[in-house]
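A.B. asks:
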């Protein structure tokens, strides 16, 4: 499995902790390519234009795409669970993952949660061919709208769900 991670970087000080959370990928036989673009002046709403530019560099249809904002991290089991899910469901084109925040309950996933303002970008891992020409709108909820549009274009059996909390939301924000 080849996974492209897209990060619009506004908090470069978080890069070491983010990188540390990616180490378990090797044990799960997930090959990572981390693409990041800097937006430290925050000229783009939620980094959507930066994410689109990074997305346009990925062309292999069977590769996977994951948006990891620069305040989120991967749980140590994230990559293992991704690899298991893909192996068990060869026709899957989107994987929706439960997410945990430092001071909030888990954000669980279901077909109903794949909607604008109900899912965080890091909760969806999407095969590049499913992304197609869909791009993130440059609005605050552009990433969740993007996920919703892609999910709506897929058949139910092309979406898999990981119900364990394998993505950390706002893990690197100061308290």
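Residue numbers (my numbering): 76 to 250.
From the three backbone atoms N, C-alpha and C, an ideal C-beta is built for every residue, glycine too.
A quick note: this is a predicted structure, and the numbers were derived from the prediction, not measured.
Verify whether the separation of the beta carbon atoms of residue 137 and residue 204 is less than 8 Å.
C.D. replies: Within the chain shown, the letter at position 62 stands for residue 137. Within the chain shown, the letter at position 129 stands for residue 204. Their beta carbons are under 8 Å apart, which means residue 137 touches residue 204 by this criterion.
A.B. asks: Ignore the nearest five residues each way along the sequence and tell me which others in residue 192's own chain have a CB closer than 7 Å to its CB.
C.D. replies: Here the question's residue 192 lines up with position 117 in the chain shown. Only 216 and 219 meet the Cβ criterion.
A.B. asks: Below 8 Å on the Cβ atoms is my guess for residue 85 versus residue 145; work out the distance and round it to an integer in Å.
C.D. replies: Reading the chain shown from its first residue, position 10 is the one you call residue 85. Reading the chain shown from its first residue, position 70 is the one you call residue 145. Rounded, the Cβ-Cβ distance is 6 Å, consistent with contact.
A.B. asks: Is it true that the region 166–175 meets the region 234–244, where meeting means three or more beta-carbon pairs spaced less than 8 Å apart?
C.D. replies: A contact exists between the region 166–175 and the region 234–244.
A.B. asks: On the three-pair Cβ rule with 8 Å, is the region 182–192 touching the region 206–213?
C.D. replies: Contact fails: fewer than three Cβ-Cβ distances are below 8 Å.
A.B. asks: Provide the residue span of the alpha helix (DSSP H) that contains residue 130, from first to last.
C.D. replies: Locating residue 130 in the chain shown gives position 55, where the first residue counts as 1. Counting along the chain, the alpha helix (DSSP H) containing residue 130 begins and ends at 123–130.
A.B. asks: What are the residues that DSSP puts in a beta bridge with residue 169?
C.D. replies: Indexing the chain shown from 1 puts residue 169 at position 94. 201 and 234, per the DSSP bridge assignment.
A.B. asks: Can you tell me which residues form a DSSP beta bridge with residue 79?
C.D. replies: To locate residue 79, count along the chain shown from 1; it is residue 4. Its beta-bridge partners are 108 and 140.
A.B. asks: Determine the contact status of residue 89 and residue 177, defining contact as a CB-CB distance below 8 Å.
C.D. replies: Here residue 89 is taken as the residue at index 14 of the chain shown, counted from 1. Here residue 177 is taken as the residue at index 102 of the chain shown, counted from 1. Contact flag unset, no.
A.B. asks: For residue 166 and residue 101, what's the separation of their Cα atoms in angstroms?
C.D. replies: Along the chain shown, one-based indexing puts residue 166 at 91. Along the chain shown, one-based indexing puts residue 101 at 26. Looking at the two C-alpha atoms, the distance is approximately 23 Å.
A.B. asks: With DSSP as the reference, please indicate the residues paired to residue 175 in a beta bridge.
C.D. replies: Within the chain shown, residue 175 is the residue found at index 100, counting from 1. For residue 175, which the question treats as bridged, DSSP gives the partners 243.
A.B. asks: Can you grab the Cα-Cα spacing for the pair residue 233 / residue 227, in whole Å?
C.D. replies: Start at 1 with the first residue of the chain shown, and residue 233 comes out as number 158. Start at 1 with the first residue of the chain shown, and residue 227 comes out as number 152. Answer to the nearest angstrom: the Cα atoms are 11 Å apart.
A.B. asks: Just how far apart, CA to CA, sit residue 96 and residue 147?
C.D. replies: One-based indexing of the chain shown puts residue 96 at position 21. One-based indexing of the chain shown puts residue 147 at position 72. Each residue's Cα considered, the two are about 9 Å apart.
A.B. asks: Among 92, 142 and 79, which residue has its Cα nearest to the Cα of residue 194?
C.D. replies: Your numbering for residue 194 matches position 119 in the chain shown. When only C-alpha atoms are compared, the closest one is 142.
A.B. asks: What's the gap between the Cα of residue 247 and the Cα of residue 163?
C.D. replies: Along the chain shown, read from residue 1 onward, the residue named residue 247 stands at position 172. Along the chain shown, read from residue 1 onward, the residue named residue 163 stands at position 88. Those two C-alpha atoms are separated by around 32 Å.
A.B. asks: Hey, could you find the ends of the alpha helix (DSSP H) residue 228 is sitting in?
C.D. replies: Translated into positions along the chain shown, residue 228 becomes position 153. Premise fails: residue 228 is in no alpha helix (DSSP H) and is neither H nor E.
A.B. asks: Quick one: what's got a C-beta closer than 6 Å to residue 127's C-beta in the same chain, skipping five residues either side?
C.D. replies: Counted from its first residue, the chain shown places residue 127 at position 52. Cβ within range, chain order: 210 and 211.
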